[in-house]
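In what follows, a structure is listed as structure tokens, so that the remarks can point back to it.
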DNA sequence: ACCCAGGGTCATA
DNA sequence: TATGACCATGGG
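Residue numbers (the working numbering): 26 to 244.
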């Protein structure tokens, strides 16, 4: 039986540990989470370098900078005008927020979702990889993989899927570590699988339109 | 010349 | 609630 946990084991065996999130601080994780919306990570790295060069990788500096100057540093990520505003919206919340280790995760999640520009996946990236909370991140790859394995239906909402995964993985001990590695492995699988098809399964290439997957009618 | 990327918001029906 | 337009650079 293919269960979410079995699939995790296969991914781990195939790709080994990923040690996410690739960042030097929790704040950098949060910035990256916003900048990588529908954007490849290589572009995000360029923007992070720009921010560092201008000593602008801090809440304080980002809020102080003009929209135009910030957008210019964010140019490589695309959507730079939108993302400049989103980043500022986030920083304005982060600066005044007073959340501690004790803050309830659902409460923190609702606060994140109330920020314009932070949707469910970005919020969960931040919760898992910056705040170390046990939330399972759902992204386009996760949907495609489990849809093509015929374990989920593609008309499910984000919350339905997150709840499904968290229920299926209820019994694991260190949820933060597992959810962390799981999402990272799915992304790694997406990057690697089209180049070297290896036996996780025959039909789960995660490109949006994979001829192989199409031919096998696993959509 | 196309397709895609570690999404989200807003207007419309 | 469910689609569709829009945001925009860079790599394959």
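Even for Gly, the Cβ is constructed at its ideal location relative to N, Cα and C.
Quick check on the burial criterion: 16 or more other C-beta atoms within 10 angstroms. Buried or exposed for residue 175?
With a 10 Å radius around the Cβ and a threshold of 16 neighbouring Cβ atoms, residue 175 comes out exposed.
Taking DSSP as the reference, what is the three-state secondary structure of residue 54?
helix
If we count the other Cβ atoms within 10 Å of its Cβ and call it buried at 16 or more, is residue 144 buried or exposed?
exposed
With a threshold of 16 other CB atoms inside 10 Å of the CB of residue 138, please say whether the residue is buried or exposed.
exposed
Which value, in whole angstroms, describes the spacing of the CA atoms of residue 26 and residue 40?
21 Å
Are the segment 114 to 121 and the segment 64 to 73 in contact at 8 Å, needing three or more beta carbon pairs?
The segment 114 to 121 vs the segment 64 to 73: no contact.
At what residue ranges does the segment 121 to 203 contain a whole run of the alpha helix (DSSP H), taking only runs of 4 or more?
130 to 138, 145 to 150, 165 to 173 and 183 to 193
Which of helix, strand or coil DSSP assigns to residue 2:
Nothing in the structure corresponds to residue 2, since the chain is present only between 26 and 244.
Considering only their Cβ atoms, is the gap separating residue 46 from residue 154 smaller than 7 Å?
yes
For residue 104, name the three-state secondary structure that DSSP assigns.
coil
Residues in the same chain with beta-carbon distance under 7 Å from residue 183, minus the five sequence neighbours each way, listed in chain order, please.
145 and 163
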